[in-house]
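Novice:
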Amino acid sequence: MADPSVASLGRAVIFLGPPGAGKGTQARQIAKRFDVPHISTGDMIREHIQRGTPLGQSARPFMDRGELVPDEVVLNMVEELVAQPGFPETFVLDGFPRTFRQAERFDEFLREHGRAEPLVVHFVVDTKQLLRRLTGRRTCSVGGEIYNIYDNPPRVPGQCDVDGGKLIQRPDDNEDVITRRLGTYIARTRLLVDYYRKENALLELDGLAPPAVVTERLIEMLAPAR
Ligand code: AP5
Numbered sequence: 297m298a299d300p301s302v303a304s305l306g307r308a309v310i311f312l313g314p315p316g317a318g319k320g321t322q323a324r325q326i327a328k329r330f331d332v333p334h335i336s337t338g339d340m341i342r343e344h345i346q347r348g349t350p351l352g353q354s355a356r357p358f359m360d361r362g363e364l365v366p367d368e369v370v371l372n373m374v375e376e377l378v379a380q381p382g383f384p385e386t387f388v389l390d391g392f393p394r395t396f397r398q399a400e401r402f403d404e405f406l407r408e409h410g411r412a413e414p415l416v417v418h419f420v421v422d423t424k425q426l427l428r429r430l431t432g433r434r435t436c437s438v439g440g441e442i443y444n445i446y447d448n449p450p451r452v453p454g455q456c457d458v459d460g461g462k463l464i465q466r467p468d469d470n471e472d473v474i475t476r477r478l479g480t481y482i483a484r485t486r487l488l489v490d491y492y493r494k495e496n497a498l499l500e501l502d503g504l505a506p507p508a509v510v511t512e513r514l515i516e517m518l519a520p521a522r
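The sequence shown begins at 297 in this note's numbering and counts up by one.
1. Measuring CA to CA, which of 430, 400, 374, 508 is closest to residue 324?
2. Could you tell me the distance, in whole angstroms, from the CA atom of residue 419 to the CA atom of residue 499?
3. For residue 590 and residue 434, which I take to be in contact (beta-carbon distance under 8 Å), what is that distance rounded to the nearest angstrom?
4. Quick one: measure Cβ to Cβ for residue 561 and residue 379, integer angstroms, because I've assumed they're closer than 8 Å.
5. Where does residue 471 fall in DSSP's three states?
6. Is residue 504 closer than 8 Å to residue 417 when the C-beta atoms are compared?
7. Please report the residue range of the beta strand (DSSP E) in which residue 387 lies.
8. Just to confirm, are residue 481 and residue 314 a CB contact at a threshold of 8 Å?
9. Identify whether residue 336 lies in helix, strand or coil by the three-state DSSP scheme.
10. With distances taken between CB atoms, is the gap from residue 452 to residue 384 smaller than 8 Å?
Below, the structure is given as structure tokens:
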């Protein structure tokens, strides 16, 4: 059952960390348990690509190369969603912001809309683990459940335990693109750790423990912030 108390955080929670840190895995858990929206800019872009929209067509080459999609595209996507009437005060952002420009403009957007400053959870993970995590990742094409063929395989290979959906491998989860995504993270996104630390909004989370342990630590960590 959803835990309604966490919705009382009353602010956006940003999951910041390298590719494969476990942001998506944890965001899904937190969203389900606390009954709050989960915004994944990566998922939103992939959906556009799948539907063949103009946004998807323009974003695809960036994603395929392991580079960031232009700031304006992502900012507009997130702001359009959060500005909807009645959008909850508490929500989880997974994979956004990723540049100074995105972080600064999102702060401005929150202020302009009378929303509280965000809380940021930095997933700290040894980069040596990431290649294994990412090459082993499989995602359900129906409900988005995340697996790992090495560490968290489905009961039936290629099939989601939850809804029987086909498991797929993301096209950007190959070694070459993973290396470039990590490079992009180091060059453009990791700097945000200092940006948010200065704002006193940063919580550090050890992302190396098993997923269920990370979830419990995360919940403990968010509790005093309420
Ligand atoms: P996006 O989809 O956001 O990918 P990412 O940031 O590279 O992160 P990942 O989804 O790869 O990793 P994750 O941390 O969510 O790990 P997960 O939980 O799945 O972005 C893709 C692309 O879209 C970008 O390259 C860019 O082009 C574009 N884009 C998106 N947002 C953008 C933005 N804001 N601005 C510009 N461009 C943007 O876990 C990974 C694996 O590890 C899984 O197999 C999982 O089972 C396993 N695992 C998870 N936790 C654990 C654990 N604790 N122990 C062991 N295994 C674990």
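Don't be surprised by glycine CBs; every beta carbon is placed ideally from N, CA and C.
Because the structure is a prediction, the values reported are computed rather than measured.
Specialist: Reading from the atomic positions:
1. Numbered from its first residue, the sequence shown carries residue 324 at position 28. Checked all of 430, 400, 374, 508; the closest Cα to residue 324 is 508.
2. In the sequence shown, residue 419 corresponds to position 123, counting from 1. In the sequence shown, residue 499 corresponds to position 203, counting from 1. Their backbone Cα atoms lie some 9 Å apart in a straight line.
3. A query on residue 590 cannot be resolved here, the shown segment of the chain reaching from 297 to 522 and no further.
4. Outside the displayed range of the chain (297 to 522) lies residue 561, so it cannot be described from this structure.
5. For the purposes of this step, residue 471 is taken as residue 175 along the sequence shown, with counting starting at 1. Helix, per DSSP.
6. Within the sequence shown, residue 417 is the residue found at index 121, counting from 1. Within the sequence shown, residue 504 is the residue found at index 208, counting from 1. No, these two residues do not count as a Cβ contact at 8 Å.
7. Mapped onto the sequence shown, residue 387 falls at position 91. Residue 387 -> beta strand (DSSP E) spans 387-390.
8. Sequence index remark: in the sequence shown, residue 481 carries index 185 (1-based). Sequence index remark: in the sequence shown, residue 314 carries index 18 (1-based). It is a contact, given that the beta carbons lie within the stated cut-off.
9. Residue mapping note: residue 336 aligns to position 40 of the sequence shown, counting from 1. Strand at residue 336.
10. As a position in the sequence shown, residue 452 is number 156, starting the count at 1. As a position in the sequence shown, residue 384 is number 88, starting the count at 1. No, they are not a contact pair.
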